[in-house]
Amino acid sequence: MEESDIFATTVGLDEAQLKAGFDEGFAEGVIAGEIEGREVGLKIGFQVGEELGFYGGCAQLWISLLQRDESAFSARAARGIQQLRDLVRDYPVLDHQNEQLQEKLDAIRAKFRAVSSMVGVKLDYQGMPSAGSDGRSF
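Taking full-length UniProt numbering, the leading residue of the sequence shown gets 1, the next gets one more, and so forth.
What follows is the structure, encoded as structure tokens:
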């Protein structure tokens, strides 16, 4: 009977250490996950904001050109520019739980491609250039 007690203690100790290790690892994983999630969220949020700013800036530039010269672009292009501006303006920046965020961003990208084609410019959003990408490191 003493032998079974010795093994029972050993098995119990192993299980207790396994549970303690799991609980400690889980708690640390939750903290690390929150930190990493926050960092990724900030990065992606910045990238989306930067991209929206690019599209909005292009739309605003084209609208300024239209205000100076209404014949600068076709009527169809002018409508497309207004629609692009409205899409960018109506993008729910502060509603990060909106399930249609990606669909709306895709619609803005598609409208931008169409409008840039209508106005005769070839623009692509490339993102923020990384340091040293052109040989300079400022």
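Beta carbons are placed, not taken as given, at the ideal position from N, Cα and C, and that holds for glycine.
Taking C-beta atoms as the reference points, Val-115 and Leu-87 fail to come closer than 8 Å.
Every unbroken stretch of the alpha helix (DSSP H) spanning 4 or more residues and falling wholly within the segment 87–128 is given here in chain order: 101–118.
Counting C-beta atoms within 10 angstroms of its own C-beta, Ile-108 has 16 or more neighbours from the protein chains shown and is therefore classed as buried. Contact between Tyr-125 and Lys-104 does not hold, since the beta-carbon distance rounds to 16 Å and is not under 8 Å.
Ala-78 counts as buried, since no fewer than 16 other beta carbons sit within 10 angstroms of its beta carbon. Nearest Cα to Ala-110 within the set Glu-99, Ile-81, Gly-127 and Glu-34: Ile-81. For the 8 Å CB-CB criterion, Cys-58 and Leu-18 do not form a contact.
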